[in-house]
Amino acid sequence: MKVLVLGTSGQVGDALMRASWPADTTLTGLARPALDMADPASIDRAMAEHAPDLVINATAYTAVDKAENDREAAFAINRDGPARLAALCAARGVPLVHISTDYVFDGSKPAPYTEDDPVDPVNVYGASKEAGESAVRAAVAAHVILRTSWVYAAHGANFVKTMLRLGRERPELGVVADQTGAPTAAADIADAIIAIAARIQSRPDDVPWGTYHLTGSGETTWFGFAERIFQRLEREEGRRPALKPIATAAYPTPARRPANSRLDCGRLRAAFGITPPAWEDSLERVLDALFADASATSAKTP
Ligand SMILES: NC(=O)c1ccc[n+]([C@@H]2O[C@H](COP(=O)([O-])OP(=O)(O)OC[C@H]3O[C@@H](n4cnc5c(N)ncnc54)[C@H](OP(=O)(O)O)[C@@H]3O)[C@@H](O)[C@H]2O)c1
27 MKVLVLGTSG QVGDALMRAS WPADTTLTGL ARPALDMADP ASIDRAMAEH
77 APDLVINATA YTAVDKAEND REAAFAINRD GPARLAALCA ARGVPLVHIS
127 TDYVFDGSKP APYTEDDPVD PVNVYGASKE AGESAVRAAV AAHVILRTSW
177 VYAAHGANFV KTMLRLGRER PELGVVADQT GAPTAAADIA DAIIAIAARI
227 QSRPDDVPWG TYHLTGSGET TWFGFAERIF QRLEREEGRR PALKPIATAA
277 YPTPARRPAN SRLDCGRLRA AFGITPPAWE DSLERVLDAL FADASATSAK
327 TP
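Okay, so the sequence shown: first residue is 27 according to my numbering, each after it adds one.
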C-alpha cells in the first residue's frame, strides 16, 4: 500500500512518519515547499507524481488566534486545499483520511459531543475546518474524517512544551480551569490511522467511511493538564511553579474557545475497535521523551 502523508513538519504528520507501519507499506511524506495546500497546482502535482493508494491530510492552518485576522489564508488551507485534494482522490479512487477539530462545536453542550451533534464554530479557525470537513464529505465518499482535540507531541509547538518552558522560568502561573477537553498525543492519532489504513487495505469494500471522534481517553481542564505536567517537572527537576486556576474571561484571546471540547469516541471504538490510551499515560510517554532530550542536551553542555 502506497500511503501519502501531507504535512510532515507538523505534530501529527511527524508522528505518522515516525510510527510503525506494516512492512508492506510504502510511506511518502510531503511538506512545504514541495506541497502547498494553498496552491491547487501543487496538490495536483503531488497526487500525479506519487499516485498513492491512500492519502492522509495532516496539514492545516492551526494558528487559532492569528486566523481571526487572516481568514482568507485559513480558508484557503483548511477548506479549499482539502476540497481540491478530495476531488482528486475521488477521481483516482483513492481514500482520504482527513483530520479535523473539536473547534467545529460551540462548546455549549453539557456532555461530550457525538458526531451527530450540530456544528457551530465560534472562531474563524473552527469555521474554516468545518468548511473543510464539508468539502471533503461532498467530494469523496471514501473518506475518514477524524476530529481530535488538544494535540501535543515531543515534536512541534504545543501546550506541554509551553508549560515546561514557563514552569522553569516563572514562580507562579495562572492556567484556564473552565475549559474541559481531552489532551491527545499525536502518536496516538498516528496509531489510530495505521489501524484504519489496515482496515481499508484488508476489507476495502467494507469500510465504515464517515466522521469520527478521536481523542485521548478521559477528560480534564487546561489547569488539570498543566498540573500533571508540573508534577512530572517537580519529580524530574525538583522545582515547579505555583499553579493558579483562572477563568477564560481573565485570559482574553483574539479567538473565542469552546468551554466544552469533550468528544465522545464511542463510534470509532464500535466501527474500528480503536480505544486511545488514557491521556495521562500518553502524556507520561511524551514527557519521557522530552526529559530524555533535556538531559541529553544538558549532558553535552560543558
Ligand atoms: N494542534 C491541536 O491542538 C489540534 C487540535 C484539534 C485538531 N487539530 C488538527 O489536527 C491536524 C494536525 O495538526 P497539528 O497539531 O499536527 O498541527 P501543526 O503542528 O500546526 O502542523 C500543521 C502542518 O500543516 C502544515 N501546513 C500549514 N499550511 C500549509 C500549506 N499551505 N501547505 C502545506 N502544509 C501546510 C504545516 O507546515 P509548516 O511547518 O510549513 O507550517 C504543518 O506541517 C490539523 O488538521 C489540525 O486542524 C489540531
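Note that CB positions come from ideal geometry on N, CA and C, so glycine has one too.
Quick caveat: nothing in here was measured; it's all calculated off a predicted structure.
- Under DSSP, residue 271 shares a beta bridge with 201.
- By the Cβ rule, the segment 192 to 209 does not count as touching the segment 154 to 167, because fewer than three pairs are nearer than 8 Å.
- Look at residue 151 here: in three-state DSSP terms it is helix.
- Annotated three-state conformation of residue 164 is helix, per DSSP.
- The way I'd put it, the segment 266 to 284 doesn't touch the segment 211 to 224; fewer than three beta-carbon pairs between them come closer than 8 Å.
- The beta carbon of residue 168 sits closer than 6 Å to those of 121, 235, all from its chain and outside the five residues before and after it, given in chain order.
- For the segment 95 to 156, the full-length beta strand (DSSP E) segments reaching 3 residues or more read 122 to 127 along the chain.
- For residue 237, the enclosing beta strand (DSSP E) covers residues 236 to 239.
- Between the segment 244 to 261 and the segment 184 to 194, the count of C-beta pairs closer than 8 Å reaches three or more; the two stretches touch.
- The beta carbons of residue 42 and residue 81 sit no closer together than 9 Å.
- Residue 146 is not a Cβ neighbour of residue 170, given a cutoff of 9 Å.
- Straight-line measurement puts the Cα of residue 260 at about 28 Å from the Cα of residue 287.
- Looking only at 166, 312, 314, 92, the smallest Cα-Cα distance to residue 279 is reached by 92.
- When DSSP states are grouped into helix, strand and coil, residue 233 belongs to the coil group.
- Per DSSP, the beta-bridge partners of residue 28 are 52.
- With a cut-off of 8 Å, the C-beta of residue 32 is classified as near ligand 1, since at least one heavy atom of the ligand falls inside that distance.
- With 16 or more other CB atoms across the displayed protein chains lying within 10 angstroms of its CB, residue 100 is buried.
- Per the coordinates, the alpha-carbon of residue 74 lies some 14 Å from the alpha-carbon of residue 112.
- With distances taken between CA atoms, residue 242 lies nearest to 178 out of 154, 195, 105, 178.
- With fewer than 16 other Cβ atoms inside 10 Å of its own Cβ, residue 264 counts as exposed.
- In the displayed model, residue 68 falls within a helix according to three-state DSSP.
- The distance from the Cβ of residue 38 to that of residue 103 is about 15 Å, inconsistent with a contact at the 8 Å cut-off.
- Nearest in C-alpha terms to residue 109, of all of 154, 133, 176, is 154.
- Taken atom to atom, the span from the alpha-carbon of residue 77 to that of residue 246 is near 42 Å.
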